[in-house]
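Numbering (the numbering used here), first residue to last: 1203 to 1787.
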């Protein structure tokens, strides 16, 4: 019996399903005593027979274990992996311990076989729970690296398995320890079509956390003409607007994004300009006029560059007898460093046709991102105003720099969109968007609040502020009247307010604020200076300015008085005095 058990275990580990079935069917004692949920011990990383059957996609053995021998696919090994994890890994990811002759099939056949196994696991019902329901296979179970089965299926390029997992509610937004979603895993393993499919599903789906929060907002007040947005909500809003505009104009996503940015993210304004003169609209936006997509394609597909691509590694190593020899290949020259661009280097194809090496591209893009110009990067060639596509930026810069680029990109989206404003409270990363009443438009439609000149809005974290002046909420008083009131109380002496009501004490606080602080020259947030030089930086908007004249700090130098004196202020005062004297005369 011991010898039979060992042979059966080896057959499972090696993925030999025929031998495993033969041993199992020919040994009644093994059939009676085998428990597919029993661990094989530390030597085998605490994998069970069910783990190995799933790992190699043995559908006959797996079906027997699940529905005849009461196998439980939620059992975990030393890596915290379930049978579904191992099933979705595929032969290109997994490394089987002790497997002498791993049996690899063609990818399409392996995907179909594993999809059949996955359907069996998804149909499995375990013990009856207290709520009257049955235990089911955990579709979003995470292992020690925080990967779900969907992460592994996407990384393996198994389209059918991915479809099944998504159909049964697999989490598209789940992130592993590297902060990668299943879409990111597919892209890193060069499964481009699968990555695009997952990305489109993410764009048109909602993550559970966002749905629950939005449901709470809707329950509080369904009539509010504004909504508070988190960073992920802003990204989703931007993506939806780009996708819908690309569909409307039959243009690539990058072109649609550039057109929207040039028209303040207002879809109606863009459509009006497009209908008037599409070529002029594209030229002013820094993109080329999109060509009609070929038959069978839609606006989501990246259109090929009209120019002939530079020779790549694949063309050099082509087995074609007529292929040119290395000496006959024309080598491109980088227009920045004037060095030859290696044919073995991945090309960076710009729509305008200018060639630069990857090292110069990376240095140029890093500099632009560090300067905060992420939303408006043009081709580095002289007098070229072609915008650099997002996919080029993401493929050239490092992952850390790409994250900074995305942060600047969202910042530019909000600041250039008149219907969205950041919450002015320091440290708050939320924003508020005006929504059109009676419409579910995802565009950036502006809206004037009915009967209110200075409406108070809430970013969703309880931060109330005035939409118009971004100051303290003062609804229903308009901004100018509020400003006049603050000016009026600033003329009062603090001792005159002693002993009065709480409302007047608030006025005294406002008086102190006006007396002891100055508004930021950029965002108008109050700033107090208690020591140091005249060089100030706003903690909220990071604007650098002079405390004396409130003008931009880069206009100052040693010639204007240095750090502790401002001659610009003295000159301005002198000019104003002369102007008054001339007016009197």
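Beta carbons: idealized from backbone N, C-alpha and C, even for Gly.
Distance, residue j Cα to residue i Cα
{"i": "residue 1430", "j": "residue 1466", "result": "20 Å"}
{"i": "residue 1304", "j": "residue 1215", "result": "Only weak support is given to the placement of residue 1304: the predicted model assigns it a pLDDT of 43, under 50, and the value that follows is read from those uncertain coordinates. When rounded, the distance between both Cα atoms is 9 Å."}
{"i": "residue 1643", "j": "residue 1211", "result": "Because residue 1643 sits at a pLDDT of 40, beneath the cut-off of 50, its placement in the model cannot be relied upon, and the point is left open."}
{"i": "residue 1606", "j": "residue 1599", "result": "10 Å"}
{"i": "residue 1248", "j": "residue 1572", "result": "49 Å"}
{"i": "residue 1603", "j": "residue 1568", "result": "7 Å"}
{"i": "residue 1633", "j": "residue 1436", "result": "8 Å"}
{"i": "residue 1255", "j": "residue 1613", "result": "50 Å"}
{"i": "residue 1356", "j": "residue 1377", "result": "13 Å"}
{"i": "residue 1469", "j": "residue 1611", "result": "18 Å"}
{"i": "residue 1679", "j": "residue 1665", "result": "18 Å"}
{"i": "residue 1764", "j": "residue 1730", "result": "21 Å"}
{"i": "residue 1686", "j": "residue 1720", "result": "16 Å"}
{"i": "residue 1271", "j": "residue 1348", "result": "30 Å"}
{"i": "residue 1688", "j": "residue 1672", "result": "15 Å"}
{"i": "residue 1399", "j": "residue 1675", "result": "45 Å"}
{"i": "residue 1291", "j": "residue 1241", "result": "20 Å"}
{"i": "residue 1224", "j": "residue 1311", "result": "23 Å"}
{"i": "residue 1562", "j": "residue 1663", "result": "44 Å"}
{"i": "residue 1581", "j": "residue 1451", "result": "24 Å"}
{"i": "residue 1385", "j": "residue 1315", "result": "23 Å"}
Residue from the options whose Cα sits closest to the Cα of residue i
{"i": "residue 1234", "options": "1256, 1319, 1267, 1438", "result": "1267"}
{"i": "residue 1191", "options": "1260, 1463, 1684, 1269", "result": "With the chain covering only 1203 through 1787, there is no way to say anything about residue 1191."}
{"i": "residue 1626", "options": "1612, 1376, 1660", "result": "1660"}
{"i": "residue 1747", "options": "1731, 1370, 1722", "result": "1722"}
{"i": "residue 1274", "options": "1248, 1262, 1756, 1239", "result": "1239"}
{"i": "residue 1584", "options": "1592, 1602, 1557, 1337", "result": "1557"}
{"i": "residue 1555", "options": "1570, 1541, 1616, 1537", "result": "1537"}
{"i": "residue 1336", "options": "1324, 1342, 1344, 1345", "result": "1324"}
{"i": "residue 1742", "options": "1749, 1757, 1750, 1724", "result": "1724"}
{"i": "residue 1595", "options": "1552, 1751, 1401", "result": "1552"}
{"i": "residue 1278", "options": "1253, 1272, 1367, 1226", "result": "1253"}
{"i": "residue 1443", "options": "1433, 1432, 1427, 1461", "result": "1461"}
{"i": "residue 1681", "options": "1738, 1691, 1670, 1690", "result": "1670"}
{"i": "residue 1284", "options": "1318, 1351, 1263", "result": "1351"}
{"i": "residue 1205", "options": "1762, 1663, 1232", "result": "1232"}
{"i": "residue 1342", "options": "1334, 1354, 1331", "result": "1354"}
Counted within 10 angstroms of its Cβ, other Cβ atoms place residue i as buried (16 or more) or exposed
{"i": "residue 1392", "result": "exposed"}
{"i": "residue 1359", "result": "buried"}
{"i": "residue 1220", "result": "exposed"}
{"i": "residue 1483", "result": "buried"}
{"i": "residue 1733", "result": "exposed"}
{"i": "residue 1456", "result": "buried"}
{"i": "residue 1478", "result": "exposed"}
{"i": "residue 1459", "result": "buried"}
{"i": "residue 1597", "result": "exposed"}
{"i": "residue 1728", "result": "exposed"}
{"i": "residue 1621", "result": "buried"}
{"i": "residue 1757", "result": "exposed"}
{"i": "residue 1259", "result": "buried"}
{"i": "residue 1760", "result": "exposed"}
{"i": "residue 1329", "result": "exposed"}
C-beta neighbour in chain C for residue i, strict 8 Å
{"i": "residue 1428", "result": "Within the model displayed, chain C is absent; a lone protein chain is all it includes."}
Where residue i falls: helix, strand or coil (DSSP)
{"i": "residue 1566", "result": "helix"}
{"i": "residue 1317", "result": "helix"}
{"i": "residue 1739", "result": "strand"}
{"i": "residue 1624", "result": "strand"}
{"i": "residue 1343", "result": "coil"}
{"i": "residue 1307", "result": "Summary for residue 1307: the model assigns pLDDT 44, below 50, so the residue's position carries little reliability, and this model does not support an answer."}
{"i": "residue 1666", "result": "strand"}
{"i": "residue 1619", "result": "coil"}
{"i": "residue 1430", "result": "strand"}
{"i": "residue 1728", "result": "strand"}
{"i": "residue 1484", "result": "helix"}
{"i": "residue 1246", "result": "helix"}
{"i": "residue 1591", "result": "coil"}
{"i": "residue 1658", "result": "strand"}
{"i": "residue 1747", "result": "strand"}
{"i": "residue 1510", "result": "Its pLDDT being 40, under 50, residue 1510 is placed unreliably by the model, and nothing is read from it."}
{"i": "residue 1754", "result": "strand"}
{"i": "residue 1542", "result": "strand"}
{"i": "residue 1436", "result": "helix"}
{"i": "residue 1598", "result": "helix"}
{"i": "residue 1558", "result": "coil"}
Proximity test, residue i beta-carbon vs the ligand GDP heavy atom, cut-off 7 Å
{"i": "residue 1322", "result": "Looking for the ligand GDP in the displayed structure turns up nothing, as the structure carries no ligands at all."}
### Within the region 1216 to 1241, ranges of the beta strand (DSSP E) (whole runs, at least 3 residues)
Segments of the beta strand (DSSP E) lying fully in the region 1216 to 1241: there are none.
### Query
Which full runs of the alpha helix (DSSP H) of 4+ residues lie inside the region 1325 to 1393, going along the chain?
Along the length of the region 1325 to 1393, whole alpha helix (DSSP H) runs at least 4 residues long occupy 1351 to 1358, 1361 to 1369, 1384 to 1390, reported in chain order.
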